[in-house]
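J.: Heads up, the sequence shown is in the numbering used here, so the first residue is 573 and it goes up one at a time. Here it is, the structure, as structure tokens.
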Amino acid sequence: MEHTQIMKGQCLCGAVSITAPRRDRVEVCHCGMCRRWGGGPLLAVHCGQEVQITGLDSVTVYTSSDWAERGFCNRCGTHLFYKFKGSGQYAMTAGFFETGTDFAMGNQIFIDSKPGYYDFANQTPMLTEAEVLERYGIK
Numbered sequence: 573m574e575h576t577q578i579m580k581g582q583c584l585c586g587a588v589s590i591t592a593p594r595r596d597r598v599e600v601c602h603c604g605m606c607r608r609w610g611g612g613p614l615l616a617v618h619c620g621q622e623v624q625i626t627g628l629d630s631v632t633v634y635t636s637s638d639w640a641e642r643g644f645c646n647r648c649g650t651h652l653f654y655k656f657k658g659s660g661q662y663a664m665t666a667g668f669f670e671t672g673t674d675f676a677m678g679n680q681i682f683i684d685s686k687p688g689y690y691d692f693a694n695q696t697p698m699l700t701e702a703e704v705l706e707r708y709g710i711k
């Protein structure tokens, strides 16, 4: 897929800026770790490896599992990304981008971990934890 447009954003304090290829879909993760990290489900845009980050001295990376790490601005706390260790692919937080925010909702994953106090009206494919782990070969 050729990308002719880009998405840009910056953290709350402006110390970190990110540019990524334009994507049209946001994925939703309902796992407990994502909800604990951000106070609700993670709305993420899978941007692959083609992400440019400036202000790396203000980025702190936390290894949150055997297969992934999470990045945030160490000055203002803005959540920046979820990165798969093996492939180096980024899932950027959807709200981070100032442009390209007309996303359609894609998959909802870890649906069996979703608490009952919220629901999305969107009709989307929903995958359980077991289905996600099997799909991506995570053990």
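Virtual Cβ for every residue (Gly too), placed ideally from N, Cα, C. Given the structure is predicted, the values throughout are model-derived calculations rather than measurements.
Taking only three categories from DSSP, how would you classify glycine 604?
T.: helix
J.: Find out if the Cβ-Cβ distance for the pair tyrosine 662, valine 623 is shorter than 8 Å.
T.: Cβ atoms of tyrosine 662 and valine 623: closer than 8 Å.
J.: Per DSSP, which residues does serine 589 bridge with? Please list them.
T.: Gln582, Thr626
J.: Going by other Cβ atoms of all chains shown within 10 Å of its Cβ, with 16 needed for buried, is cysteine 648 buried or exposed?
T.: By the 10 Å Cβ count, cysteine 648 comes out exposed.
J.: Nearest to isoleucine 681 by alpha carbon, out of Trp609, Glu706, Ala666, Met698?
T.: Met698
J.: Which one or two residues does DSSP pair with glutamate 641 in a beta bridge?
T.: Partner(s): Thr635, Lys655.
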